[in-house]
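What follows is the structure in structure tokens.
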């Protein structure tokens, strides 16, 4: 009835949405299930209004029919630019879902979406293959945050490569990709994003390929290496590259940053170094200041150093983590030092005194 008459839309449509319990939980949030997918076409015709951000999340594995309903919804928004940022956090079975998932990505792209964030709890479980050539699609995406391997499956990779070659992306995050180190080399060799200013990759990415990508994309001002993936090989035989004049911020674990600093050259006015640890740092009983000092030796004019602490819940672990190695005589001429992530139960005067004591060894001045 709501399809054939605008008057009946106001009567039957709203009654239907109420009867099935369809509603936005928070502004723009939708829990994807059978009821929601059945109601999407009616909501689109009867009550849909442009929203600032649209979130789709699922608490159970989605079926092909449910993903198809999401495709139809975004197809109905084609060229409307009614939804700019789209967030997908879905439970998807990778086996057999790649074709319909690729169609969903293309439908989202066709709706005029400018920001796409996608993550999943699913494992890789599929074939990853990067083709030599792919068709390019018109795109308005300025931000892409990928945290699932399905973007690189056979029926999704053409969407991914098209975006990485033709979209006006300023922000690109690539995590939990399932790519091997050599596949990272191939992928980064295909990236062509002259507007890119922020890049994040997982630690499986090879340093040489990353350095080459940074040189090709001279506008990148912030680089992050995440804890996803598996660490790559050493870089002892790689020749340092030319100066990356635009890079101002570098973030990641010391074990990844230090090898990278050996193959890139940072500008003299480099600003911020962010040291991160896995939330449940497996080596939290080992002091890390020596590694931090080694990193900062490459940054003689560093203005800001921020250290994000791992999940530490005992004073003994914290003492082992922050105690400065007495035999190490190196210092860091940094103007600002920030510690983040101290567990609330450790936020005591004694703990902060210990941190400040170590910090005074670390700095010329606070």
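Numbering (our numbering), first residue to last: 1174 to 1539. Where a beta carbon is used, it is the ideal one built from N, C-alpha and C, also for glycine. Predicted model, so just to flag it, every value in this text is computed and none were measured.
Item: Please classify residue 1444: does DSSP put it in a helix, a strand, or coil?; Value: coil
Item: Cutting at 6 Å between CB atoms, please list the residues of its own chain near residue 1188, excluding the five before and the five after it.; Value: none
Item: Kindly indicate which three-state DSSP category residue 1392 falls into: helix, strand or coil?; Value: coil
Item: To the nearest angstrom, how far is it from the Cα of residue 1381 to the Cα of residue 1288?; Value: 29 Å
Item: My assumption, with CB atoms under 8 Å, is that residue 1398 sits in contact with residue 1374. Please give the rounded CB distance.; Value: 6 Å
Item: Taking residue 1363 as part of the alpha helix (DSSP H), name the residues at either end of that continuous run.; Value: 1354-1363
Item: How is the alpha helix (DSSP H) around residue 1115 delimited, first residue to last?; Value: What is shown of the chain runs 1174 to 1539, which leaves residue 1115 out entirely.
Item: Whose C-alpha, out of 1185, 1316, 1223 and 1478, is nearest the C-alpha of residue 1370?; Value: 1316
Item: Is it true that the CB of residue 1420 sits closer than 9 Å to the CB of residue 1443?; Value: yes
Item: Could you check what DSSP says for residue 1229 in three-state terms: helix, strand or coil?; Value: strand
Item: Can you give me the start and stop residues for the alpha helix (DSSP H) that residue 1214 sits inside?; Value: 1207-1219
Item: Does the stretch 1475-1483 touch the stretch 1427-1436, meaning 3 or more C-beta pairs lie closer than 8 Å?; Value: no
Item: In the structure shown, what three-state DSSP assignment does residue 1471 receive?; Value: coil
Item: Could you compute how far the alpha carbon of residue 1228 sits from the alpha carbon of residue 1263?; Value: 10 Å
Item: Leaving out five residues before and five after residue 1248 in sequence, what residues of the same chain have Cβ atoms less than 6 Å from its Cβ?; Value: 1280
Item: When you compare each of 1401, 1450, 1178 and 1474 to residue 1514 by their alpha carbons, which one comes out closest?; Value: 1450
Item: Output the distance between the C-alpha atoms of residue 1324 and residue 1504, rounded to the nearest integer angstrom.; Value: 44 Å
Item: So which of 1372, 1354, 1395 and 1361 has the shortest CA-CA distance to residue 1379?; Value: 1354
Item: In three-state DSSP terms, what is residue 1293?; Value: strand
Item: Using a threshold of 9 Å, state whether the C-beta atoms of residue 1275 and residue 1232 are closer than that.; Value: no
Item: At the level of alpha carbons, what is the spacing between residue 1461 and residue 1347?; Value: 27 Å
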